[in-house]
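What follows is a set of notes on a single structure, which appears directly below.
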């Protein structure tokens with residue numbers, strides 16, 4: 001068979017190639033470039049993997065990584081089960097289903113820095129609704145206001161963490177709800193009927209029908225939430241600025257401090273690449289593992 | 001196992017029905033279905049057979065009327081409490097479980113002992129021919145195999161009041177269909193469960209069931225044995241729907257023991273003096289029509305002859321209406337044949353679709369309508 005060769009088709013792809021090159025490949029290569037060179041007054045010299053070795057050995061980086069992992073797993077542990085639980089309570093159809101979905105989607109529509117600013121004010125110990133309420137409640141339980149507010153996220157690492165986690169749960173659980181709900185909607189009614197015929201308990205229906213059918217959308221939910229929370233910057237940056245101390249300085253905040261605050265480009269570039277590879281690796285591992293479970 | 005009584009039953013999916021046409025099951029359905037019999041619910045798509053089935057199994061609560069299992073009113077009881085098994089049109093399997101666990105699921109949910117569960121699962125697996133696949137995960141099996149599991153789950157419980165099948169063999173390939181249907185029959189004979197089988201395939205209904213319930217537009221038009229449906233269709237739809245080809249239905253006027261079709265007299269062999277005037281039709285199965293080259297009978301033109309193997313189906317044209325004739329295999333059909341004769345034995349008179357009793361039968365008090 002004769003294949004018609006027409007190389008002009010390549011020109012069609014060119015705009016996309018240029019676009020991708022401009023916004024992804026070239027910036028990434030710049031970062032790679034910085035990560036293996038030392039810059040000294042405009043002079044560049046090749047230093048190999050020195051920056052990577054430094055970064056990995058750096059206690060500050062290690063601590064930021066530990067905080068980052070702690071944060072990500074905390075919010076995953078809360079948002080995924082909570083999202084599923086909420087999705088299960090939303091009606092399958094009717095007016096209330098639409099009302100619930102619209103209400104659920106609201107937090108997702110708010111710009112991230114606005115979320116940070118909102119919670120910054122909301123949780124303020126003296127005038128914020130959340131902070132004030134918590135402190136008043138603490139007063140009722142015998143906390144002495146003279147010793148300073150019981151809940152103060154600007155001073156107390158625990159309070160800061162609580163606020164950051166709560167903010168993220170408020171902001172992003174909706175995404176899990178929507179995805180889980182989409183998974184639930186795809187279940188044919190015959191499954192529920194069969195389960196009733198088979199005398200399955202509510203738990204068995206969840207365990208053997210709903211959960212398996214939600215698996216794919218939940219995988220996507222976990223992936224999205226993992227990546228997003230691992231890269232979280234704007235909200236904690238606006239809310240706490242990484243403090244008090246370094247207690248809410250996550251990887252990206254630390255990265256920005258190194259890169260822009262200290263102009264330490266080599267270190268920052270190495271950090272970026274390590275950071276990028278970690279997200280890539282975890283996402284790939286997770287995706288492969290869950291999707292493999294389905295095949296056989 | 002139980003006798004099932006449907007009393008004063010009707011169902012409408014849309015709130016308050018304004019007219020009779022708003023009902024999916026028109027008021028009222030009153031039947032007693034005997035314990036241990038195999039019933040087929042037969043009818044075209046959308047006639048309400050699945051609705052009726054779901055009402056019996058308790059997946060649906062009827063808008064009016066009651067359902068009794070033996071003498072217990074189960075209308076308000078849940079599916080689980082009614083203790084029925086149901087198999088659906090499309091396979092429902094629990095993907096994450098093995099075939100064994102799937103089959104064991106209904107028993108384990110009801111707290112069956114491990115030994116008992118094991119024995120039942122093995123028996124059923126044998127029956128559906130999946131003994132070798134018991135340890136496989138149900139996910140990724142073919143639609144055939146999945147439906148066999150669904151069937152197996154329906155039959156695994158021994159103590160059920162009834163087993164309901166909702167077109168269960170739709171997705172199964174023809175060869176396996178035959179085999180499974182035979183298995184179901186065997187099972188029915190062996191254990192004597194009351195079985196209700198929904199289908200739109202007359203062969204399936206007639207081979208499976210002791211009694212066939214024919215439905216049309218939310219009404220039960222006839223409940224009878226396959227022979228009754230064939231010999232005395234109570235509604236023109238039954239005559240038309242059952243049989244291959246179906247009954248010939250021709251508009252006519254009836255006077256005493258003679259029917260007139262477009263000016264041609266057809267002797268009926270018995271008198272129908274109260275047949276009314278409007279909407280009168282006569283129905284004759286092709287088996288009771290014969291071709292003739294004489295001067296008696298209705299004038300027709302043979303339009304087509306189909307050899308279906310066992311006999312010939314002759315399509316003829318009578319005054320613009322198609323009349324089918326079944327002729328013996330090997331008969332030579334030619335243009336000489338320009339008349340058809342009806343065997344009076346096989347002629348029924350219908351008024352507005354429903355059968356009219358002959359004077360003799362009416363005097364005996366036969367027939368429901």
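Chains as they are written, first to last, in UniProt numbering: chain R, 1 to 296; chain G, 1 to 369.
Backbone N, C-alpha and C define an ideal beta-carbon position, used for all residues, glycine too.
Residue i touches chain G at which residues, Cβ-Cβ below 7 Å?
| i | result |
| --- | --- |
| residue 198(R) | 105, 106, 109 and 153 |
| residue 212(R) | 95 and 96 |
| residue 64(R) | Result: empty, since nearest Cβ-Cβ is about 39 Å, beyond 7 Å. |
| residue 259(R) | Within chain G, no residue comes near residue 259(R); the closest Cβ sits about 46 Å away, beyond 7 Å. |
Please state whether DSSP places residue i in a helix, a strand or coil.
| i | result |
| --- | --- |
| residue 124(R) | coil |
| residue 214(G) | strand |
| residue 235(R) | helix |
| residue 37(R) | strand |
| residue 355(G) | strand |
| residue 219(G) | strand |
| residue 350(G) | strand |
| residue 49(R) | coil |
| residue 199(R) | coil |
| residue 20(R) | helix |
| residue 321(G) | strand |
| residue 224(G) | strand |
| residue 205(G) | helix |
| residue 66(R) | helix |
| residue 270(R) | helix |
| residue 90(R) | coil |
| residue 371(R) | Summary: the structure shown does not reach residue 371(R), with chain R confined to residues 1 through 296, and so no result is reported for it. |
| residue 160(R) | helix |
| residue 320(R) | Since the first residue shown for chain R is 1 and the last is 296, residue 320(R) is missing from the structure and cannot be characterised. |
| residue 173(R) | helix |
| residue 144(G) | helix |
| residue 153(R) | coil |
| residue 296(R) | Any answer about residue 296(R) is weak, because its pLDDT of 38 lies below 50 and its placement is not dependable; what the coordinates show is given next. Three-state result, residue 296(R): coil. |
Just list the residues that DSSP pairs residue i with in beta bridges.
| i | result |
| --- | --- |
| residue 39(G) | 196(G) and 211(G) |
| residue 339(G) | 292(G) and 299(G) |
| residue 166(G) | 198(G) |
| residue 137(G) | 98(G) |
| residue 11(G) | 25(G) |
| residue 43(R) | 40(R) |
| residue 31(G) | 6(G) |
| residue 327(G) | 312(G) |
Could you compute how far the alpha carbon of residue i sits from the alpha carbon of residue j?
| i | j | result |
| --- | --- | --- |
| residue 69(R) | residue 92(R) | 35 Å |
| residue 295(R) | residue 97(G) | Any reading at residue 295(R) needs caution, since the residue's pLDDT is 46, under 50, leaving its predicted position unreliable; the model's value is listed next. For residue 295(R) and residue 97(G), the distance between alpha carbons rounds to 14 Å. |
| residue 14(R) | residue 26(R) | 16 Å |
| residue 156(R) | residue 189(R) | 50 Å |
| residue 196(G) | residue 246(G) | 24 Å |
| residue 217(R) | residue 292(R) | 15 Å |
| residue 283(R) | residue 58(R) | 25 Å |
| residue 191(G) | residue 328(G) | 41 Å |
| residue 30(G) | residue 7(G) | 5 Å |
| residue 260(R) | residue 175(R) | 32 Å |
| residue 185(R) | residue 111(G) | 31 Å |
| residue 286(G) | residue 263(G) | 22 Å |
| residue 112(R) | residue 82(G) | 54 Å |
| residue 107(G) | residue 170(G) | 26 Å |
| residue 115(R) | residue 145(G) | 52 Å |
| residue 305(G) | residue 325(G) | 9 Å |
| residue 76(G) | residue 348(G) | 42 Å |
| residue 274(R) | residue 64(R) | 13 Å |
| residue 368(G) | residue 101(G) | Bear in mind that a pLDDT of 45 at residue 368(G), under 50, signals an unreliable position, so the number given afterwards is only what the model happens to contain. Cα to Cα, residue 368(G) sits roughly 49 Å from residue 101(G). |
| residue 154(R) | residue 33(R) | 38 Å |
Under 8 Å Cβ-Cβ, which residues of chain R neighbour residue i?
| i | result |
| --- | --- |
| residue 88(G) | 190, 193 and 194 |
| residue 97(G) | 208 |
| residue 19(G) | Residues of chain R passing the Cβ test: none, with the nearest at roughly 26 Å. |
How would you list, in chain order, the residues of chain G whose beta-carbon sits under 8 Å from the beta-carbon of residue i?
| i | result |
| --- | --- |
| residue 209(R) | 94 |
| residue 180(R) | None at all; the shortest Cβ gap to chain G is about 17 Å. |
| residue 268(R) | Going along chain G, no residue has its Cβ under 8 Å from residue 268(R), so there is no contact; the nearest lies around 46 Å. |
For residue i, which residues in chain R fall below 7 Å Cβ to Cβ?
| i | result |
| --- | --- |
| residue 80(G) | 196 and 199 |
| residue 85(G) | 197 |
| residue 45(G) | The contacting residues do not exist; residue 45(G) stays about 17 Å from chain R at best. |
So which residues on chain R does residue i lean against when the C-beta distance must stay under 9 Å?
| i | result |
| --- | --- |
| residue 130(G) | Near residue 130(G) there are no residues of chain R at all, since even the closest Cβ is about 17 Å away, more than 9 Å. |
Can you name the residues of chain G whose CB is closer than 9 Å to the CB of residue i?
| i | result |
| --- | --- |
| residue 77(R) | The premise fails here: residue 77(R) is roughly 23 Å from chain G at the closest Cβ pair, so nothing lies under 9 Å. |
The ligand FAD and residue i: does the residue's C-beta get closer than 7 Å to at least one heavy atom of that ligand?
| i | result |
| --- | --- |
| residue 35(G) | This structure does not include the ligand FAD; it has no bound ligands of any sort. |
**Report entry** Contained alpha helix (DSSP H) runs [length at least 4] in the region 236-319 of chain G, N- to C-terminal order
**Finding:** Complete alpha helix (DSSP H) runs here, min 4: 236-241.
**Report entry** Length-filtered (4 minimum) alpha helix (DSSP H) runs lying within the region 63-96 of chain G
**Finding:** As far as the region 63-96 of chain G is concerned, its whole alpha helix (DSSP H) runs of at least 4 residues are 79-82.
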